[in-house]
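Colleague: Below is a structure I'd like to ask you about.
There are 2 protein chains.
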Amino acid sequence: MVVPSATGTEPRKITINDVAKSAGVSRQTVSRALNDKDEIDSVTKQRVLDAARALGYRPSRFARGLVRQDTMTIGLVIPDLLNPFFTEVAAAALEAARTRGWQVVVYDTGDRAEEELGTLQVISSQVDAVIGYFSCPESELEKFTRGMPVVLIGREQRTRFSAIQIDGAAGVHAAVAHLVAQGHTRIGMLDHHTRAEPSIRHEWFTTAATAHGIEAGLMVPADQTADGGGSALRELLADHPDVTAVFTFNDIIAIGALREARRLGRSIPQELAVIGFDGLQLGALVEPPLTSVALDTRRLGALAIEQVARLLSGEEALAADDLVVRGELRLSGSA
Amino acid sequence: MVVPSATGTEPRKITINDVAKSAGVSRQTVSRALNDKDEIDSVTKQRVLDAARALGYRPSRFARGLVRQDTMTIGLVIPDLLNPFFTEVAAAALEAARTRGWQVVVYDTGDRAEEELGTLQVISSQVDAVIGYFSCPESELEKFTRGMPVVLIGREQRTRFSAIQIDGAAGVHAAVAHLVAQGHTRIGMLDHHTRAEPSIRHEWFTTAATAHGIEAGLMVPADQTADGGGSALRELLADHPDVTAVFTFNDIIAIGALREARRLGRSIPQELAVIGFDGLQLGALVEPPLTSVALDTRRLGALAIEQVARLLSGEEALAADDLVVRGELRLSGSA
DNA sequence: AGCGCTCCCGTGAGCGCTCACGGGACTGCT
DNA sequence: AGCAGTCCCGTGAGCGCTCACGGGAGCGCT
């Protein structure tokens, strides 16, 4: 019952030897009691357990980990846990890791690319592998992860690392096809506000659009927030009032656009159809529910963990072609 | 450049001694090179670094942790990362932990109370402290966390553990006051669907309601989902068509109610005012934006980490009265 | 009595690393 | 030449734990 808390004085760590001495046995016997091993008398075992409890003993995970090489800890690095997409990815990774009994240390870089390197440096000496969504150049990544399995998420270009690729080409094509079938001919896109070049999702959009013989130049960059989506939509409609449908970089932007459309008095989907990307659960909460090119985030997490497992065990790693999550059009109320 | 991956054969761990041998120095010199210590020639240092890289050496966190007692890892146990409230709590805790250079291992029990014990058992030998939202009885908690600092979140009754208390009394009072000021007299509540007794939030509501001289008996239990909120609202309105305002257990339920109200053709807030609880960021995404009794989740996370720090260092712990996060009415479009 | 067996328990070794110390080689000074 | 001082580098010890082994005590059997 008495848990001796360190009261300002030297909180010397209680070791297995202290317990052994207190119980009048050897450290090995203590170890046996604690780990539920066989070769121990049940009376002795209870005595040891009591002593351990009385002293407030807790085994050192370091010492144990040093001798038993079984605990696996992987680091999950994401830009922003509050971004629902990454929340879903994280939840999926946690779930997949749990089935293997792995620990997951989560690092949120707060959308600051410069934090990535610091995080990576810390991480590199704390985990057995890394799963993450990085924006820093590959060379930097490589520098801090020497010899450690790394699985990237949503990295567009092929790298020397494993990467779970997100392929939305077919899904976006289906989305545009759907809009065209509904009679839309003027379709805009609210892209992600990247520095220079448009996103790969924009590429998918333009290919799909031209394949359907419609103009694909109606693009406005948007901040990756609901507000960003809203103002981008306003901007788009101001320049091109004849636009009747928009495809967005992701669901957050789409939801912002949805909200803005309502404020502008445009009914959805009659006067403006909206299709997002990601397929967040969140999309079902807004009204009307969001049509989206959905990603299977659970599969994404499972794939990442699976690949880490293979890299770690030296098994044959999954080929790049198997590490793909494809977007799939999920029809709902907004288009 | 060559990173010798374990190719099916015995993936023997490369130790500091291997690097030392390869570089023709002692292990201590290797340690010096890797840890950026002083007493080493820069040429030697480079040679060691090259050797380490060539061998794909990565220091063992266990061995390092065993001798340097500085890395702190805390476990964060939450029922469901996909529940936005817990996402915010987790993000806040991560942020607060980061400023201290602590690692955070996240465990998602998937809303299954029986998982809590298993998780706790694993956790108890893997982290230095636990922050979590548990539903299991205190006695069970105690059994698995002997001698380990534990900080609970939102635990209603006082326990022998530290707990960050959520006090919504004043906020809920303000919410009811606001509704009354708007002329509402028939105010319902969509409570959390607990087993037996109503939630403490419901208590706050009834006290606030009776204080304003209005009937507080209009309660319907709801699943903690948007759909749950929707059907609970439908049920409430079916039984009591004269209800013009609802207070909900949390924002998710409120958002579901909002959606359902729209479907029923009730305009918000004119024909139905809705006030939620939690103050999720999510509330700003729906239309109209949600009025809510908001919790400062960042403060919640910071408090939890702060308390853990004190428990860990043996400093004087924060008193229960300081470990309170108070709900505050945040007015928005829905009421 | 002697053997083998089971049931407990303890001892040495070692996991991979860092800390404290010691000591050689070289410099510059008296 | 002799000495202190600086700059490197290596050696023992030990962090706290588990594994492999050895061995004593007690039993029943031939």
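First to last, the sequence lines map onto chains A and B. Numbering (our numbering) for the first sequence: 2 to 336. Numbering (our numbering) for the second sequence: 2 to 336. Glycine included, every Cβ here is placed at the ideal spot set by N, Cα and C. Computed from a predicted structure; not experimentally measured.
1) Helix, strand or coil, according to DSSP, for LEU121/A in the structure here?
2) Please confirm whether LYS14/B has its beta-carbon closer than 9 Å to some beta-carbon of chain A.
3) Quick check on the DSSP output: the alpha helix (DSSP H) that includes ILE154/B runs from which residue to which?
4) Quick one: Cα of GLU141/A to Cα of SER32/A, how far?
5) Which word fits PRO138/B, buried or exposed, when buried means at least 16 other C-beta atoms lie within 10 angstroms of its C-beta?
6) Is the beta carbon of LEU56/A closer than 9 Å to that of VAL20/A?
7) Taking C-beta pairs closer than 8 Å, name the residues in chain A that ILE256/B reaches, listed in chain order.
8) Any Cβ of chain B within less than 9 Å of the Cβ of PHE1/A?
9) Do ALA258/B and LEU180/B count as a contact pair if the criterion is CB distance below 9 Å?
10) Identify each residue in the segment 43 to 65 of chain B for which the Cβ-Cβ distance to at least one residue of chain A is less than 9 Å, and report them in chain order.
11) Verify the CB distance criterion: does GLU96/B have a CB-CB separation below 9 Å to chain A?
12) Would you call the CB atoms of THR292/A and ARG331/A closer than 9 Å?
13) Please tell me whether ARG113/A has its Cβ less than 9 Å away from any Cβ of chain B.
14) For ILE256/B, does the three-state DSSP call read helix, strand or coil?
15) Cβ of ALA240/B less than 9 Å from any chain A Cβ?
16) Taking ALA170/A as the reference, which of PHE278/A, MET220/A, ILE256/A and ARG235/A has the closest Cα?
17) Where does the unbroken alpha helix (DSSP H) through VAL20/A begin, and where does it stop?
18) Suppose contacts are defined by Cβ-Cβ distances below 9 Å. Is ILE225/B in contact with ILE253/B by that definition?
19) Please report the straight-line C-alpha distance between ALA114/B and PHE135/B, rounded to a whole angstrom.
20) With a threshold of 9 Å between beta-carbons, can THR249/A be considered close to chain B, or not?
21) What are the residues of the segment 139 to 159 of chain A that lie near chain B, defined by any Cβ-Cβ distance shorter than 8 Å?
22) State the DSSP-derived secondary structure class of GLY277/B, mapped to helix, strand or coil.
23) Mind pulling the beta strand (DSSP E) runs of 3 or more residues that sit fully within the segment 209 to 242 of chain A?
24) Considering only C-alpha positions, which residue in the set ALA209/B, THR110/B, LEU237/B and ASP129/B is nearest to LEU83/B?
25) Alpha carbon to alpha carbon, what distance is there between ILE201/B and VAL247/B?
26) Bridge partners of ILE79/A, per DSSP?
27) How many angstroms separate the CA atom of LEU153/A from the CA atom of GLU143/A?
28) Leaving out five residues on either side along the sequence, give the residues of the same chain with a beta carbon under 6 Å from the beta carbon of PRO85/B.
29) Alpha carbon to alpha carbon, how far is ALA91/A from VAL105/A? Give it in angstroms, no decimals.
30) In the DSSP assignment, find the alpha helix (DSSP H) that holds GLU139/B and state where it starts and stops.
31) Give me the Cβ distance between PHE145/A and LEU121/A, rounded to the nearest whole Å; I'm assuming they're in contact under 8 Å.
32) Work out the CA separation of ALA64/B and ALA176/B for me, nearest whole Å.
33) Specify, as a first and last residue, the run of the alpha helix (DSSP H) that HIS174/A falls within.
34) Mind listing the chain B neighbours of ASP297/A? Cutoff is C-beta to C-beta under 7 Å, in chain order.
35) Comparing the C-beta of GLN70/B with each C-beta of chain A, is any distance below 9 Å?
36) What in chain A is Cβ-close to ASP109/B, meaning under 8 Å?
Modeller: On the basis of the supplied data:
1) helix
2) yes
3) ILE154/B -> not in any alpha helix (DSSP H); beta strand (DSSP E) instead, spanning 151 to 154.
4) 43 Å
5) exposed
6) yes
7) LEU286
8) A query on residue 1/A cannot be resolved here, the shown segment of chain A reaching from 2 to 336 and no further.
9) no
10) ALA53, ARG54, LEU56, GLY57, TYR58, ARG59, PRO60, SER61, ARG62, PHE63, ALA64 and ARG65
11) yes
12) yes
13) no
14) helix
15) It is worth fixing the name first, because residue 240/B is Asp in this sequence and not Ala. ASP240/B does not count as touching chain A.
16) PHE278/A
17) 17 to 24
18) In the sequence on display, residue 225/B carries Gln and not Ile. Closer than 9 Å, so yes.
19) 8 Å
20) no
21) ARG147, GLY148 and MET149
22) strand
23) 220 to 223
24) THR110/B
25) 17 Å
26) ASP109/A
27) 12 Å
28) LEU281 and LEU283
29) 10 Å
30) 139 to 145
31) 4 Å
32) 55 Å
33) 170 to 182
34) In chain order: nothing, as chain B lies at least about 15 Å away.
35) yes
36) ALA92, LEU95, GLU96 and ARG99
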